[in-house]
Structures are given as structure tokens and as C-alpha cells.
Amino acid sequence: MKQFLTFVRKEFAHVLRDRKTLLILFGMPVVQILIFGFALTSEVKNSRVLIVDNANDVASRQLLTKIEASQYFEVDRSVMSPLQMEAAFREGEIKMAIVFPANFNEDLLHQNQAHVQIVTDASDPNTATSLTNYVSSIIQDYQASLNQTLSVPLRILPETRFIYNPQLKGVYNYVPGVMALVLMLVCVMMTAVSIVREKETGTMEVLLVSPFKPVLVILSKAVPYLILSLVNVGTILLMSIFVLDLPVAGNLLLLLAESTLFIITCLTLGIFISIKTNSQQVAMLISLMGMLLPTMLFSGFMFPIENMPWPLQIISNIVPSKWYYLIVKAVMIKGLGFSAIWKETLILAGMTLFLFVVSLKNFKIRLA
Amino acid sequence: MRTIFFLLQKEFKQIFRNRAILVMISVMPVVQLMVLPLAANYEVKNINLCVVDHDHSTTSQKLINKITSSGYFKLTGNASSFHEAFPLMESDAADLILEVPQHFERNLVREDEQKLFVAVNAINGTKANLGGAYLGSIIRDYNREIRLEWNVPGRFNAAPLIDISSSNWFNPLLNYRVFMVPGILAILVTMIGGFLTALNIVKEKEVGTIEQINVTPLRKHHFILGKLIPFWVLGNVVFTLGLLVAWAIYGIVPVGNLIVLYVFVGVYLLAVLGFGLLVSTVCETQQQAMFIMFFFMMIFILMGGLFTPIDSMPEWAKLISRFNPVSYLISVMRMVVLKGSDLYDVRIHLGIVALFAVVLNGWAVLNYKKTS
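Sequences listed follow chains A and B, in order.
Heads up, the first sequence is in UniProt numbering, so the first residue is 1 and it goes up one at a time.
Heads up, the second sequence is in UniProt numbering, so the first residue is 1 and it goes up one at a time.
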């Protein structure tokens, strides 16, 4: 035991000596929370919209004021030929064009029907659909205001209540997501490199000939990273509470215990990668390029997993961060207890055990 | 010139000798490009719905049928009370609970107005918003049907109507994959280029071989060029592979000119490689280089407009994204591939990326010292 502690202290010294890496390790969650909390929104706002108002009459101007007042658009009024309009779209200057025909008001008053044409840059389908919907609803509102005198019979009024997140804030989804993302990547990357580096620089030989069990060598490498990662969990939680106003609804101790389990899963995965590879470069490429995008996509916090084709839904099951994301969501936001997450916990524990056994089996005491 | 030639020979040999790296740069982007766009989809469908029907009338039954047959909702549960339905929401078995009050049908006729209660799991705000909106529009449609069916004609006057016709340019079918593939390819090219250069030079430092290069009469810019050119070539190879995958799997053929794409990517790669070089001059170990690259890559990707539009970001974030080379590549890729933008349309982007290339490489050369 004393030997083990000495080794842990040695590994700690190694980690703490590398200031640049430490800075990144602790800076990462902070920056991520800030980006996710304040910069990213899938809502579409401030889109540049070209208005071609061929009518310039009462109705079109009234409608335009309403559109300009909306935060969704940044309106640019200028008359363009269809050719110029296409060029503006191709240069990416505008996302949408709204065209009012001449005689807009006249048509509306005398024929009871007027036309508006919307052209969107659908290369981004999400933005295009949202913008079309926004404009349509503004136009419908305007239309309804014209019809105020008529009363509508037989109305069914849905009353919607948003549970857990009444203001529809992004952070409710992003904070658990960032925890699943940052912990996974950081833990895997750190351990993946640590053992293979000893192999590459030749110090592994020294460790192996020492009268110290190889398993303990590996464990002593994992301990400092476990502690660093717990500090990261703490940072994220503190920022979430004090910066983003998102408190922990459930049991904090349960959340920390589950986080520890998840960190251990990821550290074991890193160790497995480290044992299977021979150079730091390969270990890094696997843990980083192989994991960055899949973790981002398969955790389920950016894109709902149930919308993916079924083979991908199956693949998503082997991504540990998916299960951790479900756990954090349940404990932190829904405020549920262990009975709600025992299945996810069991899966993570199973993964850890599996990775641990496989790593141990593959660990060679002799270097080739 | 001859020095560079020999240097290149050495670098290429070193790269090709490492099988694992080769597999990594050829297979991984292809696989990721094949799989990831399928996963990155904002479309919301299969919303799990739980119904609490206190009315059990024809009207409520018809409404529920209409909702479940819309294709967006999946009826995953029936409960006799909201209390009974709520655990389904807790366990994610239901995203949405629809509660029809007692005497819904009767009161609708009598009072001309009835309420429906909808509870939405809003942890994922986007999904909740869309799910609620879909449900709302189905209910509105149903309402209109009822009105037509039940109403005494003549009670309803014709009102002025604004007819909206919309056309979706460049991607009429609103195919989300067509939008994602060029963006993901941009990320892959960036990662390959940036990481490989950063790691490669730091490795020489860590292993000590850089000392040997430092004592040779090799000029600084020779060394830099020797490192840049092979990765520049590799980056272009990966890019070409990616375009082939996009065409073979997703049927995406760039609308614009391929030459425009290659010109832009060529310049862009110089910028990214310059960034990799810069990172490697700052770091002593591969681990440091990797973490620093990872840090920036994360910011670049998240703020590059890949998943969320840059226009919607707050001003400070927009300002940051102006210094994000990835955002330029993503937008140019989408412009050329989807809209057929030409060199003139992307001139500003190209200019900025070229500036990045000059600044980053210049900085890296200044930072690189032959003596340690």
C-alpha cells in the first residue's frame, strides 16, 4: 500500500509538472460551459432578409413593420432583379427574400386575397424552415388582426405546459451534455497517452522490472486523473449553479458517485487503448479523432438518438457517454433517485468491468 | 531545391512507414463521413405520446387518431390520470402527455370553446418546441375540420386571406444530409491537417531527432516546407476521398466548380498546417500538443456553424467566430457544393483564409528556434 501511494505521488508530480496541459484540462470545461450556455442556440435569429416591396402600399408597409420588429430578422429593403437576388444568395449575403407583388393592398381589399412570395436559401434546411414559419406566423397574425370583427366558433385551445424547463433554455440540455462530452474525451485522452508514452520513451522497461505488480503500475497512473476529473466535475457543477442558474435538483452525492463511476469507465477505456497501441500518435488519433465527433453525436444531447436510423441507434449503445448523459439528466434535472437510473448504472459498471478484464488480459509484461 | 526534395523524401517515407497512421487517415474519415451525417439530423419525429382521455367520446378518439397517424407521434401509453402518466415522462417513455378533460365533446358544443392540456418534457428545448408546435398544428387542423362539419353554413364569413407561396432554393427537398456532409468533411480535413502536423514536429522534439536536424545546415524555411508539403498533400487526399464518399453514398455532386473548392481548400490547408506548426513550436511534449489542439478544435467546431447557425450567436461570439478558420471552410464548402458559388462569391472568405495562412505560418517560423 505504501509503495502504491509512492507511485501515485510520482504520477501526480508528472501530471502537475506539465502546466500547459493542466491549464487546458481545467480551462476546457469552463470554456465549454460558456460556449454552450451563451453562444450556441439552435434557434434561428438575426437572419438577413431581403425585402422586395413592389407594392409599397398601406398593407405591405404594415406587414413590413411587423417583420422588422421581430428579432428573427435583419431586414434589408432594396429592390433587386431576380438575377441580383440569386447572386446575393450565392454570396451568402441573405438567407431569405420576401417579395410583395404590386397592388398588394388592392388585391387584399377588393379580391379578398393577396399573394406574398417567400424565397429561402434552403441549403440550410433548418434555417429555411424556421424562417418560413416565422414569416408565415407574422403574416397570419396580421391577417387575423384584419379579421378581428369575426368571432370564431367551436374553438379547441391547447394549453401547453413545459415540464422541467419552462423557459425552454438550452442549458438544461447542454450542461449534462457537456459533462458527458468533456469527461469522456479528457479521461480517455489522458490515460490513452500515459502508458504508451512510457513504452515509447522506454521507461516502461524500468517499471516492469521493478518489484511492483503491473496492475498497480496502471492503477497508480489512473488515480491522479481520477482526482483531476472530479475537480472538473466540481467546476462544471459550480458554473452551472452560479453562472447558468441551473441547480442540481436531485441528490448531489448520487450525482458525484455516478460521475466517479463514469470517469472510471473512461479511464479504463483509455488504458485499453494505451495497451493496444504502440505509439502516442496512434493512441491520440484514436482517442481524439475517433472519439470527438462520435461522442458529440451519439451522446444524444445534440441530436436525438431515437431519430437516427436503427443501426446507429444500436451503435450509440456502446458509447459510454450516452448512458452517463441519461444519468445526469435524470438526477440533476429531473431530480430522480437511484431507482430511476439503476439500469444505466449497471451498463456503465458492466462496460468498466469488461474493459478492465480485457485490458488486463492484453497487458504484456514483456515488451516486444 | 534539392535539399527540399530530399527532405520531402524523408518525411514521406516516415509517414508511409507508420501503417497505423495511414489507416487512420484513410479509413477513419471515410467511415466517419459515411456514418455521422446520418446521425446529425434535427428533424423531430417519433415523439412519444401518452394520452390521458377522460372524455372517451368520438371527438376525442378522432383527435387522437389524427395525431397518431400524422407520422410525428408514436402512442406509447394510455393512462387514466395525469398522475399515472407522469412516471412515463420521468423515464423518458413519454415526451408529451395529452390530457383530454371530461365532457370535452359536450362542452365544446355547449360553450363553443374547450381546453386540452398538453405537458411537454422540455429538457431538450428545441425538441419540446417543435413537438409542441406539431401537436398544435394538428389540433388546429382538426379544429377546422370540426368547424366545417358541425357548423351551420353562413355563420362564417369570408375574410381577407394572404396567400403565401414559398420556394426553397438550392435544396428544394430540404435534405438535411446535403447540408451536413460538406460541413463534416470540412471538420475532418481540419482535424487531419492540424493534428498530424502538430504531433509530427513535437514528436521529433520529444524523441530528440530534431536536434539532428537543427545541427544540419538546413535553413529554417526548408525545414518548415519539408513538414508542410507532405501534410498538405495528405490533406488534399483526404479531401478528395471525402468528396468521393459524398458522391458515392449521398449522391452529392458539387453544384459549383471543383477548381474553386480545391483552390480554397489548398489555401485553407496552409492556414491549418500553420496553426499546427505554431502549436508544435509552443509545446514540448506530444501530450501538450494534443491537448492544446483539442482545446482549440473543440471551440472551432462548436463555433464554426456546423451544428448551430453563427447568425444566431450573440455579438461577442460572432466576433470570435471571425477568427475561426473552420467557420470559413464550412461556409465556403456549403456555398460551393450546394449553391454553386464561384470564386468571385467566395473572394472575401478566400482573402481572410489566405491572411490566416500568412500570419500563422509567419508566426510559427518566428517561433521556431534552431537552438533549444
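C-beta: ideal position from N, C-alpha, C; glycine also.
Rounded to the nearest whole angstrom, the CA to CA distance from A/L50 to A/I98 is 6 angstroms.
Only exposed fits A/R9, as fewer than 16 other CB atoms lie within 10 angstroms of its CB. Shortest Cα-Cα distance from B/L343 to any of B/L258, B/D311, B/I292 involves B/L258. Secondary structure of B/L228 (DSSP, three-state): helix. Under the three-state reduction of DSSP, B/N214 is assigned to helix.
Not one beta carbon of chain A lies nearer than 8 angstroms to the beta carbon of B/F356. Rounded to whole angstroms, the gap between the alpha carbons of B/I352 and B/V272 is 13 angstroms. The straight-line gap separating the alpha-carbon atoms of B/N41 and A/F212 is approximately 51 angstroms. A/L157 sits away from B/K45, with the two beta carbons spaced by 8 angstroms or more. B/Q288 sits buried, since 16 or more C-beta atoms from the chains shown fall within 10 Å of its C-beta. Only those residues of the region 39-60 of chain A whose C-beta falls short of 9 angstroms from the nearest C-beta of chain B are listed: A39, L40, T41, S42, E43, V44, K45, N46, S47, R48, A59. Under the three-state reduction of DSSP, A/M96 is assigned to strand. For A/H14, no Cβ of chain B is located within less than 8 angstroms of the residue's own Cβ.
Taking 8 angstroms as the cut-off between beta carbons, the residues of the region 72-89 of chain B near chain A are M89, in sequence order.
For A/S194, the CB contacts under 7 angstroms within the same chain, skipping 5 residues up- and downstream, are K221, S274 in chain order. For B/V267, the enclosing alpha helix (DSSP H) starts and ends at 258-282.
B/N48: member of the beta strand (DSSP E) spanning 47-53, first to last residue. In the DSSP assignment, B/N107 falls outside any beta strand (DSSP E) and within the unbroken alpha helix (DSSP H) covering 104-111.
Spatial neighbours of B/V267 in its own chain (CB-CB distance under 7 angstroms, excluding positions within 5 residues in sequence) are listed in chain order as L350, V353, A354, A357. It is roughly 28 angstroms from the alpha-carbon of A/L183 to the alpha-carbon of A/M1.
By the CB criterion at 8 angstroms, A/L154 and B/W316 fall outside the cutoff. When rounded, the separation of the alpha-carbon atoms in A/M289 and B/M297 is 11 angstroms. Secondary-structure assignment with DSSP links B/A79 through a beta bridge to B/V52. When the five nearest sequence neighbours on each side are left out, the beta carbons in the same chain lying within less than 7 angstroms of the beta carbon of A/L207 are those of E198, V217, in order along the chain. Within the same chain, and ignoring the five residues on either side of B/P314 in sequence, no residue has its Cβ closer than 7 angstroms to its Cβ. For chain B, the residues of the region 320-351 of chain A that bring a beta carbon within less than 9 angstroms of one of its beta carbons are L326, K329, A330, I333, K334, L336, A340, in chain order. Counting along the chain, A/P211 sits inside no alpha helix (DSSP H), nor does DSSP assign it H or E at all. Counting every other CB atom within 10 Å of its CB across the protein chains shown gives A/W323 a total of 16 or more, marking it as buried.
About 7 angstroms separates the Cβ atoms of A/E74 and A/S47, confirming a contact at the 8 angstroms cut-off.
Here the alpha carbon of B/I97 sits roughly 13 angstroms from the alpha carbon of B/G136. The residue from B/A119, B/E90, B/L108 with its alpha-carbon nearest to that of B/V52 is B/A119.
Boundaries around A/P158 are those of the beta strand (DSSP E), 155-163, since no alpha helix (DSSP H) includes it. Distance check between A/F301 and each of B/A122, B/L49, B/K74, B/K10 places B/A122 closest, using alpha-carbon atoms only. Our two residues, B/L225 and B/A364, have alpha carbons roughly 12 angstroms apart in a direct line. Judged by DSSP in its simplified three-state form, A/R17 adopts helix. Distance check between B/I184 and each of B/G305, B/S80, B/M290, B/G256 places B/G305 closest, using alpha-carbon atoms only.
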